[in-house]
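Asker: In this text, residue positions in the sequence shown follow UniProt numbering: the first is 1, and each later residue adds one.
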Amino acid sequence: MKLGYVCTNYNNSAYTRVAVDTLLKIPGHDYRVVVVDNASDSENVQALRAIQQDYSLVDVIYSQENAGYFRGLNAGIARLREQHPDVEWMVVGNNDLEFPEDFVTQLDANRERLSVYPIISPDVVTLDGEHQNPHVIDRISKVREFFYDIYYSNYYVGMALLKLASMAPSLSERSDEQQWRIARPIYQGHGSCYILGPKFFALFGQFWAPTFMMSEEFFLSKQLQDKGHKVYYDPCIRVLHHWHASLATLPGKRRWQMARDAHREYRKYVKVLG
Numbered sequence: 001m002k003l004g005y006v007c008t009n010y011n012n013s014a015y016t017r018v019a020v021d022t023l024l025k026i027p028g029h030d031y032r033v034v035v036v037d038n039a040s041d042s043e044n045v046q047a048l049r050a051i052q053q054d055y056s057l058v059d060v061i062y063s064q065e066n067a068g069y070f071r072g073l074n075a076g077i078a079r080l081r082e083q084h085p086d087v088e089w090m091v092v093g094n095n096d097l098e099f100p101e102d103f104v105t106q107l108d109a110n111r112e113r114l115s116v117y118p119i120i121s122p123d124v125v126t127l128d129g130e131h132q133n134p135h136v137i138d139r140i141s142k143v144r145e146f147f148y149d150i151y152y153s154n155y156y157v158g159m160a161l162l163k164l165a166s167m168a169p170s171l172s173e174r175s176d177e178q179q180w181r182i183a184r185p186i187y188q189g190h191g192s193c194y195i196l197g198p199k200f201f202a203l204f205g206q207f208w209a210p211t212f213m214m215s216e217e218f219f220l221s222k223q224l225q226d227k228g229h230k231v232y233y234d235p236c237i238r239v240l241h242h243w244h245a246s247l248a249t250l251p252g253k254r255r256w257q258m259a260r261d262a263h264r265e266y267r268k269y270v271k272v273l274g
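This is the structure we're talking about:
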């Protein structure tokens, strides 16, 4: 199977090495990799150059400015498509992924069945063993949307709300991920990893990226919905995500501001009332 992998990198090149290594050591397939570096510091740029020296199949785009997540991925997708137009399947997303030995074998064995869907969302499993997909099976409830608006109304109000939510996880957490064993079309797949099939390139070619970062899951779902499609979640394909629950603490103000800006764009399309 010919398979591309496109990821973004920002000051964490050690993760990129792990992702590249675990993918390329899976035998029996033809790989092409494009890493989009979003203006990392010199130490991480050097680490990327070392990866290029160690792996001839890895191409790196060294951006002079941080393009963001989906825009960065679009640059990588365009580069890979330009240089290798025969690659019809791509894994795109984060660089903090680890690919199990059966990842490509499972994709290859099921690609005829999955080729009717533009986007496949795999079973994303954290280091803690938590399943991050299906991210959102159906629409987000009006009550949750209301609390999102409160969260993004003010940074300190948002942090207080986040603290309260952590004290009552049974009330604040969604249960969608508990249904990870069931393959189905879903509203949103977790943004850390998507698999693009031939149908995606026939219909779209790239992601709709109206924001710098955050809320990508929604914008992708809308992009697909406008063409009569949905993300398809299938747990037969699994990937490990180097995300840890301890990192999900109070976000920095800059991160909150980026999420708020994305939320404002999101609100143009999803209304709490009406």
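Think of the CB as a built atom: it goes at the ideal place given N, C-alpha and C, for glycine as much as any other residue.
Jot down the residue ranges of each uninterrupted alpha helix (DSSP H) in the stretch 160 to 227, minimum 4 residues, whole runs only, in chain order.
Answerer: 169 to 172, 198 to 203 and 216 to 225
Asker: Where do the ends of the beta strand (DSSP E) carrying L2 lie?
Answerer: For the purposes of this step, residue 2 is taken as residue 2 along the sequence shown, with counting starting at 1. For the record, residue 2 in the displayed sequence is Lys; it is not Leu. Taken as a continuous stretch (DSSP letters only), the beta strand (DSSP E) holding K2 covers K2 to N9.
Asker: What does the alpha-carbon distance come out to for the pair S153 and H263?
Answerer: To locate residue 153, count along the sequence shown from 1; it is residue 153. To locate residue 263, count along the sequence shown from 1; it is residue 263. For S153 and H263, the distance between alpha carbons rounds to 10 Å.
Asker: Would F146 be called buried (16 or more neighbouring beta carbons within 10 Å of its own) or exposed?
Answerer: Here residue 146 refers to the residue found at position 146 when the sequence shown is read from its first residue. F146 comes out exposed.
Asker: Which same chain residues end up closer than 7 Å to A245 when comparing Cβ atoms and leaving out the 5 residues on each side of it in sequence?
Answerer: Within the sequence shown, residue 245 is the residue found at index 245, counting from 1. Confidence in A245 is poor, its pLDDT being 39 and thus under 50, which makes the residue's placement unreliable; the coordinate value appears in the next sentence. Cβ neighbours of A245 beyond the five flanking positions: D128.
Asker: Grouping DSSP H, G and I as helix and E and B as strand, with all else coil, what is G76?
Answerer: Looking up residue 76 in the sequence shown gives position 76. The answer is helix: DSSP assigns G76 an H, G or I state.
Asker: Grab me the residues of L203's own chain with a C-beta within less than 7 Å of its C-beta, minus the 5 sequence neighbours each way, in chain order.
Answerer: On the sequence shown, residue 203 is found 203 positions in, with the first residue counted as 1. Same-chain partners within the cutoff: P118 and K227.
Asker: Run through DSSP, which three-state label would N38 get?
Answerer: Taking the sequence shown and counting its residues from 1, one reaches residue 38 at position 38. In this structure, N38 counts as strand in the three-state DSSP scheme.
Asker: Would L197 be called buried (16 or more neighbouring beta carbons within 10 Å of its own) or exposed?
Answerer: In the sequence shown, residue 197 corresponds to position 197, counting from 1. Residue 197 is actually Gly in this sequence, not Leu. So G197 counts as buried.
Asker: From Q64, E65, L48 and S63, pick the residue whose C-alpha is nearest to that of L57; which is it?
Answerer: Taking the first residue of the sequence shown as 1, we reach residue 57 at position 57. The option with the nearest alpha carbon to L57 is L48.
Asker: Do you know how far the Cα of L107 is from the Cα of V136?
Answerer: Numbered from its first residue, the sequence shown carries residue 136 at position 136. Numbered from its first residue, the sequence shown carries residue 107 at position 107. Cα-Cα distance, rounded: 22 Å.
Asker: Going by beta-carbon coordinates alone, are V87 and K2 separated by less than 9 Å?
Answerer: Residue numbering aside, residue 87 sits at position 87 when the sequence shown is read from its first letter. Residue numbering aside, residue 2 sits at position 2 when the sequence shown is read from its first letter. Cβ distance < 9 Å, so V87 and K2 count as in contact.
Asker: Buried or exposed for T249, going by 16 or more other Cβ atoms inside 10 Å?
Answerer: Working through the sequence shown from its first residue, we reach residue 249 at position 249. Any reading at T249 needs caution, since the residue's pLDDT is 39, under 50, leaving its predicted position unreliable; the model's value is listed next. Under this definition T249 is an exposed residue.
Asker: Decide yes or no for the touch test of the stretch 204 to 224 against the stretch 55 to 73: beta carbon pairs closer than 8 Å, at least 3 of them.
Answerer: yes
Asker: Taking A19 and E98 to be in contact with their CB atoms under 8 Å, please state how far apart those CB atoms are, rounded to whole angstroms.
Answerer: Residue mapping note: residue 19 aligns to position 19 of the sequence shown, counting from 1. Residue mapping note: residue 98 aligns to position 98 of the sequence shown, counting from 1. Approximately 7 Å separates the beta-carbon atoms of A19 and E98; this is inside 8 Å, confirming the contact.
Asker: Between the alpha carbons of S42 and L220, how many angstroms are there, rounded?
Answerer: For the purposes of this step, residue 42 is identified with residue 42 of the sequence shown, where counting begins at 1. For the purposes of this step, residue 220 is identified with residue 220 of the sequence shown, where counting begins at 1. One C-alpha to the other measures close to 32 Å.
Asker: Go ahead and pull the three-state DSSP assignment for Y156.
Answerer: Position 156 of the sequence shown, counted from the first residue, corresponds to residue 156. Y156: helix per DSSP, three-state reduction.
Asker: Does the stretch 183 to 194 come within contact of the stretch 78 to 87, defined as at least 3 CB pairs closer than 8 Å?
Answerer: The stretch 78 to 87 and the stretch 183 to 194 do not touch, with fewer than three beta-carbon pairs separated by less than 8 Å.
Asker: Counting only the same chain and skipping the five closest in sequence on each side, list residues whose C-beta sits under 8 Å from that of W89.
Answerer: Here residue 89 corresponds to residue number 89 of the sequence shown, with the count starting at 1. Taking C-beta separations shorter than 8 Å and ignoring five residues to either side along the sequence, the partners of W89 in its chain run M1, K2, L3, G4, L107, R111, I195, L196, G197 and P198, following chain order.
Asker: List the whole-angstrom C-beta distance separating Y31 from S121, where the pair is believed to meet the contact cut-off of C-beta under 8 Å.
Answerer: Here residue 31 refers to the residue found at position 31 when the sequence shown is read from its first residue. Here residue 121 refers to the residue found at position 121 when the sequence shown is read from its first residue. Y31 to S121, Cβ: 21 Å. No contact.
Asker: Report yes or no: is there a C-beta of chain C within less than 9 Å of the C-beta of Q53?
Answerer: In the structure shown, chain C does not exist; there is a single protein chain.
Asker: Where does L247 land, buried or exposed, given buried means 16+ other C-beta within 10 angstroms?
Answerer: Within the sequence shown, the letter at position 247 stands for residue 247. A caution first: L247 carries a pLDDT of 45, below 50, which makes its placement in the model too unreliable to give a value.
Asker: What is the rounded straight-line gap between the Cα of R260 and the Cα of S141?
Answerer: In the sequence shown, residue 260 corresponds to position 260, counting from 1. In the sequence shown, residue 141 corresponds to position 141, counting from 1. One alpha carbon belongs to R260, the other to S141, and they sit about 19 Å apart.
Asker: Decide if H216 is buried, meaning its Cβ has at least 16 other Cβ atoms within 10 Å, or exposed.
Answerer: Mapped onto the sequence shown, residue 216 falls at position 216. The displayed chain sequence assigns Glu, not His, to residue 216. It counts as buried.
Asker: Using only the alpha-carbon positions, how far apart do E265 and F103 sit?
Answerer: Position 265 of the sequence shown, counted from the first residue, corresponds to residue 265. Position 103 of the sequence shown, counted from the first residue, corresponds to residue 103. If you take the alpha carbons of E265 and F103, they lie about 35 Å apart.
Asker: Going by DSSP in three states, L57 sits in which element: helix, strand or coil?
Answerer: Translated into the one-based positions of the sequence shown, residue 57 becomes position 57. Three-state result, L57: coil.
Asker: DSSP three-state label for H131, please.
Answerer: Indexing the sequence shown from 1 puts residue 131 at position 131. H131: strand per DSSP, three-state reduction.
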